[in-house]
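Notes follow the structure.
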Amino acid sequence: FLGKPFPASLTPNQLILQITNPLYFKEGSTSNRITQAAFLFYCQIWFSTDLLLDKLIERFNFAVYPNGQFAGFYHQQLLQSKRMVLELLEAWLEFYMDDFSPQDLDKVQTFIDGVRNFDAHCLVINQLMKKPKPE
Numbered sequence: 001f002l003g004k005p006f007p008a009s010l011t012p013n014q015l016i017l018q019i020t021n022p023l024y025f026k027e028g029s030t031s032n033r034i035t036q037a038a039f040l041f042y043c044q045i046w047f048s049t050d051l052l053l054d055k056l057i058e059r060f061n062f063a064v065y066p067n068g069q070f071a072g073f074y075h076q077q078l079l080q081s082k083r084m085v086l087e088l089l090e091a092w093l094e095f096y097m098d099d100f101s102p103q104d105l106d107k108v109q110t111f112i113d114g115v116r117n118f119d120a121h122c123l124v125i126n127q128l129m130k131k132p133k134p135e
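Residue numbers (the UniProt record's numbering): 1 to 135.
This is how it looks when you write it as structure tokens:
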């Protein structure tokens with residue numbers, strides 16, 4: 001995607017959704033999906049770090065606990081999306097640390113403190129999904 005023009009018409013929510021939704025990504029896909037590298041390289045042109053960081057954290061905290069026939073599928077997508085958010089934030093901090101103001105770094109630290117053990121977080125969600133419903 002780095003060779004193509006960045007779709008400036010995307011809203012911050014659409015941008016974050018595209019980069020963190022596992023359903024947009026298929027291995028070997030040649031679609032116009034925004035890659036992590038393109039996001040990190042171009043996102044600062046159209047949106048502030050503060051705004052994108054807020055949207056990224058909001059995306060992580062988004063939780064829908066579906067039930068019914070497709071609950072397992074959507075549950076796995078939710079967990080994968082959360083992991084993608086963490087991977088994106090990790091890469092952003094690793095390669096573009098200068099993008100972050102001290103206030104942004106405080107926000108990141110607060111967020112990380114809230115999800116310090118992601119595997120434990122996933123385990124809790126898994127247990128909630130398996131819990132039998134009261135009759």
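Glycine included, C-beta positions come from ideal geometry on N, C-alpha and C.
Open item on the list: Helix, strand or coil for GLY3? Go by DSSP, reduced to three states.
Closed with: Any answer about GLY3 is weak, because its pLDDT of 42 lies below 50 and its placement is not dependable; what the coordinates show is given next. GLY3 falls in the coil class under three-state DSSP.
- [ ] Decide yes or no for the touch test of the region 42-49 against the region 98-109: beta carbon pairs closer than 8 Å, at least 3 of them.
- [x] The region 42-49, when compared against the region 98-109, does touch it at the 8 Å Cβ threshold.
- [ ] For TYR96, name the three-state secondary structure that DSSP assigns.
- [x] The answer is coil: DSSP assigns TYR96 none of H, G, I, E or B.
Task: Own chain residues within Cβ distance below 8 Å of ASN13, not counting five before or after - done: Here the set comprises LYS55.
TODO: Using the Cα positions of VAL108 and MET84, report the straight-line distance between them to the nearest angstrom.
DONE: The alpha-carbon of VAL108 is positioned some 16 Å away from that of MET84.
Task: CB contact flag (ARG59, ILE16, <7 Å) - done: At the C-beta level, ARG59 and ILE16 come within 7 Å of one another.
Task: Residue from VAL115, GLY114, TRP92 with nearest C-alpha to THR49 - done: Closest by alpha carbon: TRP92.
Task: Candidates LEU86, ASN21, PRO22, LEU51: closest to THR11 by CA position - done: For the residues LEU86, ASN21, PRO22, LEU51, the minimum Cα distance to THR11 belongs to LEU51.
Task: Opening and closing residue of the alpha helix (DSSP H) in which THR20 lies - done: Bounds of the alpha helix (DSSP H) holding THR20 are 12-20.
Task: alpha helix (DSSP H) segment containing THR35, residue limits - done: Counting along the chain, no alpha helix (DSSP H) covers THR35, and no H or E run does either.
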